[in-house]
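In our numbering, the protein residues as written are 1 to 328. A virtual CB, placed ideally from N, CA and C, is assigned to each residue, including glycine. Remember, it's a predicted structure, so these values are computed and weren't measured experimentally.
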Amino acid sequence: MPELTYRDAIRAALIDAMERDPTVLLLGEDIGLYQGTFRVTADLLARFGPRRVIDTPISEEGFVGAAIGMALLGLRPVVEVMTWNFSLLAFDQIVNNAAKVRYFSGGQVDVPLVIRGPNGAGVQLSAQHSQSVEVFYAHVPGLRVVAPATPADAWGLLRTALRGRDPVIFLENAALYGTKGPVPDGDGALPFGRAEVARPGRDVTIVAYSRMLLVALEAARQLADEGIDAEVINLRSLRPLDGETLVRSVAKTHRAVVVQEQWKPFGAAAEIAATIYEGAFDLLDAPVERVTGADVPMPYARELELLAIPHEADIVAAARRVLYREGR
Numbered sequence: 001m002p003e004l005t006y007r008d009a010i011r012a013a014l015i016d017a018m019e020r021d022p023t024v025l026l027l028g029e030d031i032g033l034y035q036g037t038f039r040v041t042a043d044l045l046a047r048f049g050p051r052r053v054i055d056t057p058i059s060e061e062g063f064v065g066a067a068i069g070m071a072l073l074g075l076r077p078v079v080e081v082m083t084w085n086f087s088l089l090a091f092d093q094i095v096n097n098a099a100k101v102r103y104f105s106g107g108q109v110d111v112p113l114v115i116r117g118p119n120g121a122g123v124q125l126s127a128q129h130s131q132s133v134e135v136f137y138a139h140v141p142g143l144r145v146v147a148p149a150t151p152a153d154a155w156g157l158l159r160t161a162l163r164g165r166d167p168v169i170f171l172e173n174a175a176l177y178g179t180k181g182p183v184p185d186g187d188g189a190l191p192f193g194r195a196e197v198a199r200p201g202r203d204v205t206i207v208a209y210s211r212m213l214l215v216a217l218e219a220a221r222q223l224a225d226e227g228i229d230a231e232v233i234n235l236r237s238l239r240p241l242d243g244e245t246l247v248r249s250v251a252k253t254h255r256a257v258v259v260q261e262q263w264k265p266f267g268a269a270a271e272i273a274a275t276i277y278e279g280a281f282d283l284l285d286a287p288v289e290r291v292t293g294a295d296v297p298m299p300y301a302r303e304l305e306l307l308a309i310p311h312e313a314d315i316v317a318a319a320r321r322v323l324y325r326e327g328r
């Protein structure tokens, strides 16, 4: 089982798909000559040429729209957005075209499109470049929304995305590109809508995705020092959401803490908590806790940015509360 960085796992999945399938092509700003803002597309222009690695103008609505047209004509485009914050300029194309063409066509036409790029905070890019946009897209029927936390997740989820019929919102985390971990030797494709029990436990369920998984696992290690055995769920996929694994875990622990990096109001954690209440209300021994980012535009200053992002101590405190180990 080789070890790869998160960045190289994504790059390896792209190379594998491009070598296997001549209809796979990449497009986006600075992905060719500059090799991508976070170097995910390093050397791919030299390897596959300008017809399959296409540098685009700074025009998100234009190149996402072009990619949708390519997908309708039988190609399998992969769009890199320089940051998911810029995808808001293409929001109409994604929501009103990519997500709905199959519905509008009575199921006659698919849009096998992957849109990928960095999401979230933690690398001091300030308010307009550090937002977590998952809830914007997870709200929309017709889109698949995935958020890999590890190199194995990135490899396996991207392989699935590149084989499917649906438009996929592939949310990488800017702070994870340099992290390293094992990637399976074999196919390793991970189905959407199936969460992973990243750490088994019996006392409390901690649900997380993307970079917050790493924070949750560290919190679980700290809780273990207090004699609290936390189970950590790595969601991997927000749409579809794996409610069965959530309910099965809460049936064992009877308590849950949900962690997200984004703002609390109307966020993914609210949907996850509601899913737990709908499936396991009678099994809960305490209300579900949410640990979220601060409800402010992301600060640029490092000290303030760190204050706005959830940390291990926040999760540990929430776990203590649902276990009635301290005042609520």
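Hey, how far is the Cα of residue 39 from the Cα of residue 32? 10 Å
Exposed or buried, residue 167, counting other C-beta atoms within 10 Å across all chains shown (16 or more means buried)? buried
Three-state secondary structure assigned by DSSP to residue 63: helix
May I have the straight-line CA-CA distance separating residue 19 from residue 92, to the nearest angstrom? 32 Å
Beta-carbon contacts of residue 144 that lie in its chain and below 8 Å, excluding the five residues immediately before and after: 161, 164, 166, 167, 168, 169, 192, 237, 239, 240
Rounded C-alpha distance that separates residue 4 from residue 180: 5 Å
Mapping DSSP to helix, strand and coil, what is residue 326? coil
For residue 117, report the span of its beta strand (DSSP E) as first-last. 114-119
Can you tell me where the alpha helix (DSSP H) holding residue 331 begins and where it ends? Because the chain is modelled from 1 through 328, residue 331 falls outside the range shown and cannot be assessed.
Are there 16 or more other CB atoms within 10 angstroms of the CB of residue 184, so buried, or fewer, so exposed? exposed
Inter-residue CB distance, residue 63 and residue 28 (contact presumed, cutoff 8 Å): 7 Å
Which of helix, strand or coil does DSSP assign to residue 48? helix
Taking residue 30 as the reference, which of 44, 24, 21 has the closest Cα? 44
Whole angstroms is fine: what's the gap from residue 276's alpha carbon to residue 195's? Per the coordinates, the alpha-carbon of residue 276 lies some 14 Å from the alpha-carbon of residue 195.
How would you write the range of the beta strand (DSSP E) that residue 182 sits in, first residue to last? 180-182 is the span of the beta strand (DSSP E), which, as asked, contains residue 182.
Any alpha helix (DSSP H) of 4 or more consecutive residues that is wholly inside the segment 162-227: 212-225
Any chance the CB of residue 137 is under 7 Å from a heavy atom of the ligand GTP? Inclusion of the ligand GTP in the displayed structure is not the case, the ligand content being empty and no account of it being possible.
Contact between the segment 138-156 and the segment 208-222 (3+ Cβ pairs under 8 Å): yes
Nearest-angstrom Cα distance between residue 258 and residue 74? 40 Å
Determine the extent of the beta strand (DSSP E) in which residue 28 is found, giving its start and end residues. 24-28
Assuming residue 155 contacts residue 17 under a Cβ cut-off of 8 Å, what Cβ separation, rounded to an integer in Å, is found between them? The C-beta distance from residue 155 to residue 17 rounds to 11 Å, too long to meet the 8 Å contact threshold.
Can you round the beta-carbon distance between residue 220 and residue 248 to whole angstroms, since I take them to be within the 8 Å contact cut? So it is not a contact: roughly 18 Å between Cβ atoms.
Please name the residue, chosen from 295, 1, 279, 137, that lies closest to residue 245 on a Cα-to-Cα basis. 279
Sequence-distant residues of the same chain with beta carbon closer than 6 Å to residue 177, five excluded per side: 6, 7, 38
Where DSSP assigns a beta bridge to residue 231, which residues make up the other side? 205
Can you list, in chain order, the residues of its chain whose CB lies under 7 Å from that of residue 323, leaving out five sequence neighbours each side? Excluding positions up to five away in sequence, the list reads 203, 204, 228, 255.
Can residue 190 and residue 153 be called in contact, C-beta distance under 8 Å? In this structure, residue 153 lies closer than 8 Å to residue 190 by Cβ.
Look at the Cβ atom of residue 90, then the Cβ atom of residue 140, and state whether they are nearer than 8 Å. no
Pull up the distance between the alpha-carbon of residue 223 and that of residue 67, whole angstroms please. 46 Å
For residue 93, three-class secondary structure by DSSP: helix
In whole angstroms, what is the alpha-carbon distance linking residue 171 and residue 84? 8 Å
Among the residues of its own chain, which have a CB less than 7 Å from the CB of residue 309, if the five just before and after it don't count? 121, 122, 261, 293
Any idea what DSSP makes of residue 315, helix, strand or coil? helix
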